[in-house]
Amino acid sequence: MTLREVYDKVNRLSHEERLNLAIGSGNEIATFLQKNGFDGEKSLRFFLYITALFAGADGVLDEDEYRLFIDAFKVDLTYERLNELLKGGFSDEYVRKMDETIDRFPQELKFAICNYGLAFISADGEITEKEQKVFERILA
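Using our numbering, read the sequence shown as starting at 63 and increasing by one per residue.
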């Protein structure tokens, strides 16, 4: 399957299907983090980092990405508060640093992070060119 086919497939997912993708890959990530000594707070921070990476890929947290995060994590955060928590991830320098960090992880974790990211970059049903570039950089 080509990346174009992957993008088209995830763009057609319903919110529920996208939520299942985020939760399923999120569970894989959480299991890895727990096995490697991350406590609850560090794990949550890591999820905020990767959410910022993908949700911020186009420079803005949109309502669909916000709803996906809230539904996946069952947290009580306003849009404004989540946007504030993720804001640092909306830069090229942040993408570079996260790419370097993620490249040091085992391939299985990197794949789970990319699946998690697909859920967020497709949350509004359209993956922009900028989102594709971030995703493909992390995938490489």
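A virtual CB, placed ideally from N, CA and C, is assigned to each residue, including glycine. Owing to the predicted nature of the structure, the values given are computational and were not obtained by experimental measurement.
Where does residue i fall in DSSP's three states?
| i | result |
| --- | --- |
| Arg74 | coil |
| Leu65 | helix |
| Asp126 | helix |
| Phe131 | helix |
| Thr190 | coil |
| Lys172 | helix |
| Thr93 | helix |
Tell me the rounded alpha-carbon separation between residue i and residue j.
| i | j | result |
| --- | --- | --- |
| Ile132 | Ser76 | 16 Å |
| Met63 | Gly118 | 26 Å |
| Glu67 | Asn73 | 10 Å |
| Pro168 | Leu110 | 20 Å |
| Phe182 | Ser105 | 18 Å |
| Glu191 | Gly99 | 36 Å |
Determine the closest residue to residue i out of the options, with distance taken between C-alpha atoms.
| i | options | result |
| --- | --- | --- |
| Glu146 | Asp126, Ala114, Leu95 | Ala114 |
| Leu201 | Gly187, Tyr178, Ile85 | Tyr178 |
| Lys195 | Asp120, Lys71, Leu81 | Asp120 |
| Leu123 | Leu144, Ile112, Lys172 | Leu144 |
In the DSSP assignment, find the unbroken alpha helix (DSSP H) run with residue i in it and report its ends.
| i | result |
| --- | --- |
| Asp165 | 154–165 |
The stretch 147–157 / the stretch 88–98 touching (three or more Cβ pairs under 8 Å): Fewer than three pairs of CB atoms, one per stretch, sit closer than 8 Å, so the stretch 147–157 makes no contact with the stretch 88–98.
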